[in-house]
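Shown next, in structure tokens, is the structure this report addresses.
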Amino acid sequence: MGDLMKRQFNVLDLSGHNFLEWTVDAQMNLKAQGLDHTIKDIMVPGTTEIKTATEQEKAKATVLIRHHLHDSLKTEYLMVENPKELWDSLKERYGHHKRVLLPKAQFDWTNLRFHDFKCVSEYNSTLFKIVSLLRYYDQAVTEDQMIEKTLSTFHANNILLQQQYRERGFKRYSELISLLLVAEQNNDLLLKNHNLRPTGSMAFNEANAVESSNLPEANVAHRGGRGRFNHRGRGRGNHRGRGRGRGRGYLDPRNNNHKGHQQGNQKHTPSKEKDTCFRCGMTGHWGKTCRTAKHLVDLYQASIKGKGKVAEANYVDEENPSGPSFDVSDFFNDNPDSGNDLIFGDNSNI
Numbered sequence: 000m001g002d003l004m005k006r007q008f009n010v011l012d013l014s015g016h017n018f019l020e021w022t023v024d025a026q027m028n029l030k031a032q033g034l035d036h037t038i039k040d041i042m043v044p045g046t047t048e049i050k051t052a053t054e055q056e057k058a059k060a061t062v063l064i065r066h067h068l069h070d071s072l073k074t075e076y077l078m079v080e081n082p083k084e085l086w087d088s089l090k091e092r093y094g095h096h097k098r099v100l101l102p103k104a105q106f107d108w109t110n111l112r113f114h115d116f117k118c119v120s121e122y123n124s125t126l127f128k129i130v131s132l133l134r135y136y137d138q139a140v141t142e143d144q145m146i147e148k149t150l151s152t153f154h155a156n157n158i159l160l161q162q163q164y165r166e167r168g169f170k171r172y173s174e175l176i177s178l179l180l181v182a183e184q185n186n187d188l189l190l191k192n193h194n195l196r197p198t199g200s201m202a203f204n205e206a207n208a209v210e211s212s213n214l215p216e217a218n219v220a221h222r223g224g225r226g227r228f229n230h231r232g233r234g235r236g237n238h239r240g241r242g243r244g245r246g247r248g249y250l251d252p253r254n255n256n257h258k259g260h261q262q263g264n265q266k267h268t269p270s271k272e273k274d275t276c277f278r279c280g281m282t283g284h285w286g287k288t289c290r291t292a293k294h295l296v297d298l299y300q301a302s303i304k305g306k307g308k309v310a311e312a313n314y315v316d317e318e319n320p321s322g323p324s325f326d327v328s329d330f331f332n333d334n335p336d337s338g339n340d341l342i343f344g345d346n347s348n349i
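Terminal number for the sequence shown in numbering that gives the first Met the number 0: 349, no gaps in between.
See the structure below:
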């Protein structure tokens, strides 16, 4: 039934490895509900008397503590109903963890080095974890000590950078760590841009990029002129629209002046976008303005080399191939016994 009530913090494990965190959470929850005087002696404000807890307050505190204990601990302390007695028993049982963890925290603080971590955030998290344990054990750690610990453990290759940070004269550790986080992010972006492509090469076009061209719009309106050749009339031609022209917008097919003018303009308009560079094979620029890297140009030239010289397997070079050639001697019989000199066919003698 106890599991039906929502827990405010993690339960105390049977091994007691989380006793320190559990103690802080339990004290804060009891204090928030005004029940902290049930587990320790608190003086009444303005007097020298100890604040006495009622039976109802003791029951609430006991329920809160037992609800956040391991099932084996609940069974072991089943008959304990006084919250202060239960609290003192747990403190006596697991209080040695404080004496065990303090030397380890001091050792970790002594051997903490900034250049042993891959990123600034990982170092910052580890430092605050160690500092929190030291301060819980009444070991003071100041802002200057954290700043000195960070700057004095830079890598030997960053001596100049360490001196520049010292000249800034940081008073708070948060200012130093914020600057280090920003510098780390900028360095990552710089390396990413450097490794994106070789130096001196241009960015590749997108796979689905659409080449721009100077094509006229479908619904463009050609202004100018009045009468039969004004394209803004209600015409039967392809140029539709509602206009101010007095004509009907019909373009006489027999008059080729307008058509020839349009074709001439389109023919002589240079289309730089459709030209293909003979060096790299890309569009959008000419060969004399190509800035593609040399190793990419060599790869393209090697890929197209010899493509135009491949002949088809069944290709015949001549339309009418010549037949076998015969001389006059081919029509004479070489047999001296035969009476006929000329042979036409296999067995026909003349």
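Glycine included, every Cβ here is placed at the ideal spot set by N, Cα and C.
Straight-line gap, residue i to residue j (C-alpha atoms, nearest Å)
i: Thr414; j: Ile303; result: Any answer about residue 414 is impossible in this case: the structure gives the chain only from 0 up to 349.
i: Gln161; j: Gly94; result: 42 Å
i: Ser177; j: Asn110; result: 23 Å
i: Lys293; j: Asn186; result: 29 Å
i: Arg165; j: Glu121; result: 22 Å
i: Lys73; j: Ile49; result: 29 Å
i: Val62; j: Glu80; result: 9 Å
i: Gly199; j: Leu190; result: 16 Å
i: Gly236; j: Met201; result: Bear in mind that a pLDDT of 46 at Gly236, under 50, signals an unreliable position, so the number given afterwards is only what the model happens to contain. Spanning the two alpha carbons is a distance of roughly 46 Å.
i: Leu34; j: Thr22; result: 14 Å
i: Leu159; j: Leu298; result: 44 Å
i: Ser173; j: Met145; result: 10 Å
i: His267; j: Arg196; result: In this predicted model, His267 has a pLDDT of only 47, less than 50, meaning its place in the structure is not dependable enough to derive any value.
i: Leu13; j: Met4; result: 21 Å
i: Asn9; j: Ser88; result: 19 Å
i: Ile41; j: Arg112; result: 43 Å
i: Ser71; j: Leu188; result: 53 Å
Integer-rounded CB distance, given that residue j should sit under 8 Å from residue i
i: Ala52; j: Leu29; result: At roughly 11 Å, the Cβ-Cβ gap does not stay under 8 Å, so Ala52 and Leu29 are not in contact.
i: Thr291; j: Arg278; result: 7 Å
i: Ala104; j: Ile64; result: Contact flag wrong, Cβ pair sits at about 27 Å.
i: Leu85; j: Leu132; result: Contact doesn't hold; Cβ gap of about 26 Å is too wide.
i: His114; j: Thr141; result: The Cβ separation is near 23 Å, so there is no contact.
i: Cys69; j: Arg6; result: The amino acid occupying residue 69 in the given sequence is His; Cys does not appear at that position. The Cβ separation is near 12 Å, so there is no contact.
i: Glu183; j: Val119; result: 5 Å
i: Lys83; j: Ile38; result: 5 Å
Residue i, DSSP secondary structure in three states
i: Arg6; result: coil
i: Met281; result: coil
i: Leu298; result: helix
i: Leu13; result: coil
i: Ile369; result: No statement about residue 369 is possible, as the shown extent of the chain runs from 0 to 349 and does not include it.
i: Thr37; result: helix
i: Asp274; result: coil
i: Ala220; result: Because the pLDDT at Ala220 is just 49, under 50, the model does not fix this residue reliably, and the value given afterwards should be weighed accordingly. Three-state DSSP puts Ala220 in coil, outside helix and strand.
i: Gly246; result: Legend: pLDDT at Gly246 = 46, less than 50; position of this residue unreliable, value from coordinates given subsequently. Correct three-state label for Gly246: coil.
i: Thr47; result: coil
Residue i beta carbon near the ligand ADP (any heavy atom closer than 8 Å)
i: Leu34; result: Ligands are entirely absent from the displayed structure, and the ligand ADP is therefore not among its contents.
Span of the alpha helix (DSSP H), counted from its first residue to its last, around residue i
i: Glu20; result: Phe18 to Ala31
i: Arg65; result: Glu54 to His66
i: Leu160; result: Ile158 to Glu166
**Request:** Would you mind listing the alpha helix (DSSP H) stretches within the segment 75 to 153 that are 4+ residues and don't spill past its ends, in chain order?
**Result:** You should have 82 to 93, 95 to 109, 119 to 135 and 142 to 150.
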